[in-house]
Amino acid sequence: MATNTSPSPHGDASHKNQLAQSLAKQIDALLRELVAINLLTEQDQRILSLRMGLKDGKCYTLAEIAALLHKSPELIRSHQYFAMRQHISNPQFFKLLASYAQVVKLPRGLAYYLQRYSKPEDLSIPIQEWDFD
1 MATNTSPSPH GDASHKNQLA QSLAKQIDAL LRELVAINLL TEQDQRILSL RMGLKDGKCY
61 TLAEIAALLH KSPELIRSHQ YFAMRQHISN PQFFKLLASY AQVVKLPRGL AYYLQRYSKP
121 EDLSIPIQEW DFD
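Under the UniProt record's numbering, the first residue of the sequence shown carries the number 1, and numbering increases by one thereafter.
Have a look at this one:
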């Protein structure tokens, strides 16, 4: 009697969710570490965490974060830019973010920073093949 050994779609989704949660925890820990050594402000950490969906799995838009923090979307975007460009120089962060982006739909704005500031050898799949919102 032959058995079907192909993975079930539910098993793949479960594995993908577990992987996403694990990567989110690692990225969040790295961001908290950057705050602890004064390379990142708590506000910038919160903005990045919300943008990437690290806490609840929802990637917030600039407008949604602006409403939560009572700031303009442009100010949120500039905080995101400076945090990603000037404060985070840790290659491990970009490796984790690249892996996370392969299992979670990240906002397009983060795709730009990932493509611009990570090294191609850190990415197992070209960014153009990823699925972004």
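Using N, Cα and C, we set each Cβ at its ideal position, and we do this for glycine too.
Report the three-state DSSP secondary structure of residue 140 (helix, strand or coil). In the structure displayed, the chain extends from 1 to 133; residue 140 sits before or after that span and is not available.
Where Ile65 and Asp12 are concerned, what is the direct C-alpha to C-alpha distance, given to the nearest angstrom? Locating residue 65 in the sequence shown gives position 65, counting from the first residue. Locating residue 12 in the sequence shown gives position 12, counting from the first residue. Distance between the alpha carbons of Ile65 and Asp12: 31 Å.
Reducing DSSP to helix, strand and coil, say where Tyr60 ends up. Translated into positions along the sequence shown, residue 60 becomes position 60. Looking at Tyr60 - three-state DSSP - the assignment turns out to be coil, as it is neither helix nor strand.
Does Ile88 come out as helix, strand or coil in the three-state DSSP assignment? For the purposes of this step, residue 88 is taken as residue 88 along the sequence shown, with counting starting at 1. Looking at Ile88 - three-state DSSP - the assignment turns out to be coil, as it is neither helix nor strand.
Pick helix, strand or coil for Ile65, following the three-state DSSP scheme. Reading the sequence shown from its first residue, position 65 is the one you call residue 65. Three-state result, Ile65: helix.
Given 8 Å, three or more beta-carbon pairs between the segment 66-79 and the segment 90-100: With a cut-off of 8 Å, the segment 90-100 and the segment 66-79 do not count as touching, because too few Cβ pairs lie within range.
Tyr81 burial status per 10 Å Cβ neighbour count (16 or more: buried): Numbered from its first residue, the sequence shown carries residue 81 at position 81. Under this definition Tyr81 is an exposed residue.
Would you report the Cα separation of Ala67 and Leu30, rounded to the nearest angstrom? Along the sequence shown, one-based indexing puts residue 67 at 67. Along the sequence shown, one-based indexing puts residue 30 at 30. About 26 Å.
Straight-line Cα distance separating Ser14 from Ser89: The residue given as residue 89 occupies position 89 in the sequence shown. The residue given as residue 14 occupies position 14 in the sequence shown. Distance between the alpha carbons of Ser89 and Ser14 is about 32 Å.
Rounded to a whole number of angstroms, what is the C-alpha to C-alpha distance between Lys16 and Leu34? The count along the sequence shown starts at 1 and reaches residue 16 at position 16. The count along the sequence shown starts at 1 and reaches residue 34 at position 34. Looking at the two C-alpha atoms, the distance is approximately 27 Å.
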